[in-house]
Amino acid sequence: MQTIQIGLLGLGNVGTGVVQILQQQAVLIAQRLGTELALKKVATRTPDRPREVTLQAGQLSGDVMDVLRDPEIGIVIELIGGYEPARTYILEALQQGKHVVTANKAVLAQHGQELFEAARHHGVDIGFEASVGGGIPIIRTIKEAFVANRFVTIASIINGTTNYILSRMSDQGLRFEEALKEAQDLGFAEADPSFDVDGIDAAQKISLLASLAYGTWVRQEDVYTEGITKVTQLDIAYARELGYCVKLLALAKRDGDRLGVRVHPALVAAEAELASVQGSYNAVSVTGDMVGRNLLIGRGAGAFPTGSAVVGDVVDVARNILRSSSGRVPPQGYETLYENELSLQDIDDITCKYYLRFQVLDQPGVLSAIAGILGEQGISIETVIQKGRSADQSDTVSVVMMTHEAKEQAVRRALEAIQTLPRVQGETMRIRVEDSGAD
């Protein structure tokens, strides 16, 4: 039986999970693949640190070149993360004629075009299922299962940290800071959580999904991005009263010959399937013109869910090696971009409903003044909630309005004008209402 040799870069949480899967499932994988996978070398910056896995003598190295330059290693797994030196290592592996499997959404979102082109040039594969959605097979679904479809909408919850925080705020009434601290204590959030709570992680992931689905390369900086740090317990409560919950959504929508890609908090109808996705789970709702809407839900992070996706790619690449069929499915699912690439839609051009929460002085005429400015911009109001003063609001009250569909640019202009009213206190909270992925 032929043995395919593997090299691993990085032995953190996911790297450890990959090693454990390869060790524990070795017989099962060999039976399904028809050959053995052998982890020949693991490179890490700290080879002397105690590990949760047992490796043989000589299997662990502090030098990545022991992996990249080993002629017997056919597949390199990159799990060090970040932009550099990950990009350099991946390019070196490709130039050495080695196939690459990675979970690194950051390097792909920033340098994907370069890396995919290098893979094509050297006749090798890049597997990156684990880069988006952990154990959810969304990359393969878009590239292969739905190849006969033009994609209409992708609506996703693809950051487990923010979904956990918003779930705890909704279910337990925690403030943002309390829910974040809990997420950090449980290991869902880093000591510096900005990558997650500011929406950067989700923006990198949706840029990859949009590029795959729509044949238009979408850079991370092209993705309109808002995080969840401004969402308060007030907004969670009002959303529930209106029949919604708050989620951080990553969206890609085709509108004619334009493509809108964005990440931001959104009100999702309580009865929608995406609203039921709780805790650290991820979900991706994909709508194709032939297949209709499909929803994939699963663990979006963690050593074993992500490691499972990594090993799945390794097996897929190994099958190609056994049959000398590398490049059978190109990295982006197609050989070239579509003949007519879509232009990217500016956030000002989107149209949706809006949740608006104003903090105002409790005086006559405030509501009519706000409604008047909205009306001047052609924005009509669907629902208004105004309650009396609470004990901690001596002279101000919250006014919540749900609008009918309106253009983002009009809403922005209206809020700029409303903000100048002397009876409006503090910054107005605006959350878009998103119906994608609804039942």
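Each residue of the sequence shown is one higher than the one before, counting from 909 in our numbering.
Each residue gets a CB set at the ideal place from its N, CA and C atoms; glycine is no exception.
Would you mind reading off the limits of the alpha helix (DSSP H) that contains Glu1134? For Glu1134, there is no enclosing alpha helix (DSSP H), as DSSP marks it with neither H nor E.
Report the option in Ser1232, Val950, Pro979, Arg977 whose CA atom is closest to the CA atom of Leu968. Of the candidates Ser1232, Val950, Pro979, Arg977, Val950 places its Cα closest to the Cα of Leu968.
Bridge partner(s) assigned by DSSP for Leu1252: For Leu1252, DSSP records a beta bridge to Leu1167.
Along the alpha helix (DSSP H) that carries Lys949, what are the first and last residues, could you check? Careful: Lys949 lies outside any alpha helix (DSSP H), inside the beta strand (DSSP E) at 944–951.
Between the CA atoms of Pro993 and Val1341 - distance to the nearest angstrom: The alpha-carbon atoms of Val1341 and Pro993 are separated by roughly 40 Å.
Classify His1007: buried if its beta carbon has 16 or more other beta carbons within 10 angstroms, exposed otherwise. Buried, by the Cβ-count rule.
Leaving out five residues on either side along the sequence, give the residues of the same chain with a beta carbon under 6 Å from the beta carbon of Ala1217. Closer than 6 Å at Cβ, skipping near neighbours: Glu1037, Ala1038, Gly1043.
Alpha helix (DSSP H) segment containing Lys1089, residue limits: For Lys1089, the uninterrupted alpha helix (DSSP H) segment begins and ends at 1084–1093.
Among Leu947, Gln910, Gly1196, Asn1057, the one whose alpha carbon lies nearest that of Leu917: Residue Leu947 is the option with its Cα nearest to Leu917.
beta-carbon Ala1158 near the ligand GDP non-hydrogen atom, thresh 8 Å: The ligand GDP is not part of this structure, which contains no ligands at all.
Between which two residues does the beta strand (DSSP E) holding Ser1078 run? Membership of Ser1078 in any beta strand (DSSP E) is not indicated; the residue belongs instead to the alpha helix (DSSP H) covering 1068–1080.
Proximity to Val1055 [Cα-Cα], best of Tyr997, Val1194, Gly925: Closest by alpha carbon: Val1194.
Would you tell me roughly how many angstroms separate the C-alpha atoms of Ala1147 and Val1307, rounded to the nearest one? Computed Cα separation, rounded: 13 Å.
Residue nearest to Ala1177 in terms of C-alpha spacing, selected from Tyr1152, Leu1142, Ser1184, Ala1191: Measuring from the Cα of Ala1177, the nearest candidate turns out to be Tyr1152.
Starting from Gly1035, follow its DSSP beta bridges and name the residues at the other end. Its beta-bridge partners are Val1009.
Give the C-beta separation of Arg959 and Leu919 to the nearest angstrom, bearing in mind that I take them to be a contact with Cβ-Cβ under 8 Å. With 8 Å as the limit, Arg959 and Leu919 qualify as a contact, their Cβ atoms being about 7 Å apart.
Less than 9 Å between the beta carbons of Lys1113 and Val1040, yes or no? The Cβ atoms of Lys1113 and Val1040 sit closer than 9 Å to each other.
What are the uninterrupted segments assigned as beta strand (DSSP E) that are 3 or more residues long and contained completely in the region 1186–1245, given in chain order? Within the region 1186–1245, the complete beta strand (DSSP E) runs of at least 3 residues are 1189–1196, 1200–1207.
Given a cut-off of 9 Å, decide if Gln1285 and Val1319 are closer than it, judged by their beta-carbon atoms. Yes. Within cutoff.
Could you say which of Pro1101, Leu1082, Ala1087, Ala1110 lies nearest to Ala1145 if we only look at CA atoms? Nearest option by C-alpha distance: Leu1082.
Ala1087 and Ala1158 closer than 9 Å at C-beta: The Cβ-Cβ distance between Ala1087 and Ala1158 does not fall below 9 Å.
Which residues mark the beginning and the end of the beta strand (DSSP E) in which Lys1261 is found? Residues 1259–1269.
To the nearest angstrom, how far is the alpha carbon of Leu1120 from that of Gly1107? Spanning the two alpha carbons is a distance of roughly 20 Å.
Whose C-alpha, out of Arg1338, Leu963, Tyr1122, is nearest the C-alpha of Cys1260? From the listed residues Arg1338, Leu963, Tyr1122, the smallest Cα separation to Cys1260 is found for Arg1338.
Near Leu963, which residues of its chain fall below 7 Å by C-beta distance, leaving aside the five closest residues on each side in sequence? Closer than 7 Å at Cβ, skipping near neighbours: Val950.
Taking contact to mean at least 3 C-beta pairs separated by less than 8 Å, is the region 1060–1069 in contact with the region 1225–1238? Contact fails: fewer than three Cβ-Cβ distances are below 8 Å.
Same chain only: Cβ atoms within 7 Å of Leu1182, ignoring 5 sequence neighbours per side: Here the set comprises Ala1063, Ile1065, Lys1155, Val1176, Ala1191, Ser1193, Gly1345.
In or out: Ala1027 buried (at least 16 other Cβ within 10 Å) or exposed? With 16 or more Cβ atoms within 10 Å of its Cβ, Ala1027 is classed as buried.
Let me check one thing: in DSSP terms, what residues is Arg1338 bridge-paired to? Note: Arg1338 is bridge-paired with Leu1264 in the DSSP secondary-structure output.
Cutoff 7 Å; reference Gln1018; Cβ partners in own chain excluding five residues on either side: Answer for Gln1018: Tyr991, Gln1128, listed in chain order.
Residue(s) in a DSSP beta bridge with Glu986: Per DSSP, the beta bridge partners of Glu986 are Leu917, Thr1010.
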